[in-house]
Amino acid sequence: METDQLRLSEMAYLHVPDKERSKSPSPADSLASSATDISTLPIHDRTPHHDEHGLTRHLVFAIAAAALGSAFQHGYNTGVVNAPQKLVEDFIEDTYKHRFEEEPGEGTVKFVFSIFVAIFCVGGMMGGLLTAFVAERFGRKGGLLLNNISVFLAAILMGASKSARSYEMLILGRFFVGLNSGLNAGLAPMYLTEISPLHLRGAVGTIYQLVVTVSILASQVLGLPSALGTADRWPALFAMTVVPSLFMLATLPMCPESPKYILINQGRDVAAQQALTWLRGTIEVHDEMDEMRAEFEAIKMVSRVTLYEMMHNITLRIPLLISIMVMLSQQLSGINAAIFFSTDIFLSAGLTPDVAMQATLGMGAVNVLMTIVSLVLVERAAA
Numbered sequence: 001m002e003t004d005q006l007r008l009s010e011m012a013y014l015h016v017p018d019k020e021r022s023k024s025p026s027p028a029d030s031l032a033s034s035a036t037d038i039s040t041l042p043i044h045d046r047t048p049h050h051d052e053h054g055l056t057r058h059l060v061f062a063i064a065a066a067a068l069g070s071a072f073q074h075g076y077n078t079g080v081v082n083a084p085q086k087l088v089e090d091f092i093e094d095t096y097k098h099r100f101e102e103e104p105g106e107g108t109v110k111f112v113f114s115i116f117v118a119i120f121c122v123g124g125m126m127g128g129l130l131t132a133f134v135a136e137r138f139g140r141k142g143g144l145l146l147n148n149i150s151v152f153l154a155a156i157l158m159g160a161s162k163s164a165r166s167y168e169m170l171i172l173g174r175f176f177v178g179l180n181s182g183l184n185a186g187l188a189p190m191y192l193t194e195i196s197p198l199h200l201r202g203a204v205g206t207i208y209q210l211v212v213t214v215s216i217l218a219s220q221v222l223g224l225p226s227a228l229g230t231a232d233r234w235p236a237l238f239a240m241t242v243v244p245s246l247f248m249l250a251t252l253p254m255c256p257e258s259p260k261y262i263l264i265n266q267g268r269d270v271a272a273q274q275a276l277t278w279l280r281g282t283i284e285v286h287d288e289m290d291e292m293r294a295e296f297e298a299i300k301m302v303s304r305v306t307l308y309e310m311m312h313n314i315t316l317r318i319p320l321l322i323s324i325m326v327m328l329s330q331q332l333s334g335i336n337a338a339i340f341f342s343t344d345i346f347l348s349a350g351l352t353p354d355v356a357m358q359a360t361l362g363m364g365a366v367n368v369l370m371t372i373v374s375l376v377l378v379e380r381a382a383a
């Protein structure tokens, strides 16, 4: 009997809105869900309906506008520091000599370059912490568009850093683009999953990571000496980060806000149905609207609990621990260090500069390939 009740509670939890389950908590707010009331939530039939929709032209356009404009930013700035490392270090050394009229101390150049690389992650953490506030205050689409302000600041600072003889501008620009990427990493997957049909959400959610890996590879290709990886052109390599933002600003305004956000956060039923109709290419969206209305009603029945209470409720604790372990496993694998410094690592292993860059490109290509495999498996393995 207790087992059956637990299963019912788990099923009910799965139908708490994605917004409430996944958004990052702010220091002032506790996480959404209820440890005590969750078993009282209505359990809705989430099996596929006869009018289940697939990809439409409008949906593909919205996915491309959101994913290419955000995930490309994320991946490009993750991998862009790899190939031109020696060029940036030479710039830091020359700037130091010009400013202080002396040679930099042992390790000074490496230290400054390490700050330049790592500040991206600091900005990313701050952006991640702001995700919940921005998503609720400005919406998923609105937040993505507003987030491009930091990209323009970053592109100007990094692009003009060499002319201004300022490695501080490089570091500050890198921080701003990290802030942008941290917000994108939360806002874009949220928007993508909320505009997608239920049976496609897994695959569509994986598209963000696919674009990240493709853009990492693109940044490594552009960093080659035959492209922008030269002493004169490397500032343009970093300023190129503005291109995905221009694409997003040209395309995303033509797409609707997330129907779930419109209904659940703004309470605008008709507007939500219009947005869903645009995305699905048909007025037959009654089942999805009924699901969202049910979620809207379910939210009213759910009180807020503290992080401590959530950790002590087995229904919520197990999914939370699984999510934490998956993220820790990825981050502690060292993949970020490999992406940031693979060319330097290969050089230290005795490879020639040309071969080291080719090895870096090979690593990036394998990264893309395995992400494509995961996109296919995420739906089939779960079926």
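Just so we're aligned, residue 1 is where the sequence shown starts under full-length UniProt numbering, counting upward by one. We put the beta carbon where it would ideally sit given N, CA and C, even for glycine. Just so it is clear, the structure is predicted and the values come from calculations on it, not from any experiment.
Hey, would you say residue i sits closer than 9 Å to residue j, going by beta carbons?
| i | j | result |
| --- | --- | --- |
| Ala119 | Ala239 | Per the sequence presented here, residue 119 reads as Ile, with Ala not at that position. No. |
| Leu179 | Gly127 | yes |
| Ala135 | Leu187 | yes |
| Met357 | Leu153 | no |
| Met363 | Ser342 | yes |
| residue 385 | Tyr261 | With the chain running from 1 to 383 in the structure shown, residue 385 is simply not present. |
| Gly105 | Leu217 | no |
| Arg165 | Phe116 | no |
| Ala275 | Glu257 | yes |
| Ser374 | Thr193 | no |
Span of the alpha helix (DSSP H) holding residue i?
| i | result |
| --- | --- |
| Val109 | 108 to 138 |
| Thr315 | 314 to 331 |
| Asn336 | 335 to 348 |
| Ser150 | 148 to 164 |
| Val60 | 57 to 79 |
| Ile299 | 286 to 301 |
| Ala275 | 269 to 280 |
| Ile92 | 85 to 100 |
| Tyr308 | 307 to 311 |
Quick one: using the 10 Å Cβ neighbour count with 16 as the cut-off for buried, is residue i buried or exposed?
| i | result |
| --- | --- |
| Tyr191 | buried |
| His74 | buried |
| Thr47 | Here Thr47 scores only 42 on pLDDT, less than 50, and its place in the model should not be relied on; the value that follows carries that caveat. Result: exposed. |
| Lys300 | exposed |
| Asp29 | Its pLDDT being 41, under 50, Asp29 is placed unreliably in this model, and the coordinates cannot settle the point. |
| Ala349 | exposed |
| Gly267 | exposed |
| Ser181 | buried |
| Leu237 | buried |
| Ile322 | exposed |
| Arg57 | exposed |
| Val242 | buried |
| Gly143 | buried |
| Ala298 | buried |
| Glu284 | exposed |
Closer than 9 Å, CB to CB, is residue i near chain C or not?
| i | result |
| --- | --- |
| Ile115 | Reference to chain C is not applicable here, since this structure consists of a single protein chain. |
Using CA atoms only, rank isn't needed, just tell me which of the options is closest to residue i.
| i | options | result |
| --- | --- | --- |
| Glu309 | Ile299, Leu320, Arg174, Gly173 | Leu320 |
| residue 456 | Gly54, Ser342, Asn147 | This structure cannot speak to residue 456, because the chain is shown only from 1 to 383. |
| Ile335 | Ile318, Leu307, Asn367 | Asn367 |
| Leu55 | Pro197, Ile264, Leu332, Thr241 | Pro197 |
| Arg137 | Arg280, Leu276, Ile264, Leu351 | Ile264 |
| Phe340 | Gln85, Leu130, Phe61 | Gln85 |
| Phe113 | Ile318, Val221, Tyr96, Val326 | Tyr96 |
| Gln220 | Trp234, Gln209, Ile207, Tyr208 | Trp234 |
| Ser245 | His58, Ala71, Arg57 | Ala71 |
| Val270 | Met292, Glu102, Ser163, Asn77 | Met292 |
| Leu172 | Ala203, Cys121, Ser215 | Cys121 |
| Tyr167 | Ile149, Thr282, Leu130, Phe91 | Phe91 |
| Gln330 | Gln209, Leu279, Val88, Thr251 | Gln209 |
| Ala62 | Val355, Leu351, Ala294, Thr251 | Thr251 |
| Leu59 | Met325, Ala365, Thr282 | Thr282 |
| Thr108 | Ala160, Glu89, Ile195 | Glu89 |
| Val65 | Ile195, Phe176, Phe111, Lys110 | The identity of residue 65 in the sequence shown is Ala, whereas the question assumes Val. For the residues Ile195, Phe176, Phe111, Lys110, the minimum Cα distance to Ala65 belongs to Ile195. |
| Glu103 | Leu222, Asp94, Lys110 | Asp94 |
Taking only heavy atoms of the ligand ATP into account, decide whether any of them is closer than 8 Å to the Cβ of residue i.
| i | result |
| --- | --- |
| Met240 | This structure lacks the ligand ATP, and indeed carries no ligand of any kind. |
### Message
I'd like the ranges of any beta strand (DSSP E) spanning at least 3 consecutive residues and lying wholly in the region 182 to 244.
### Response
none
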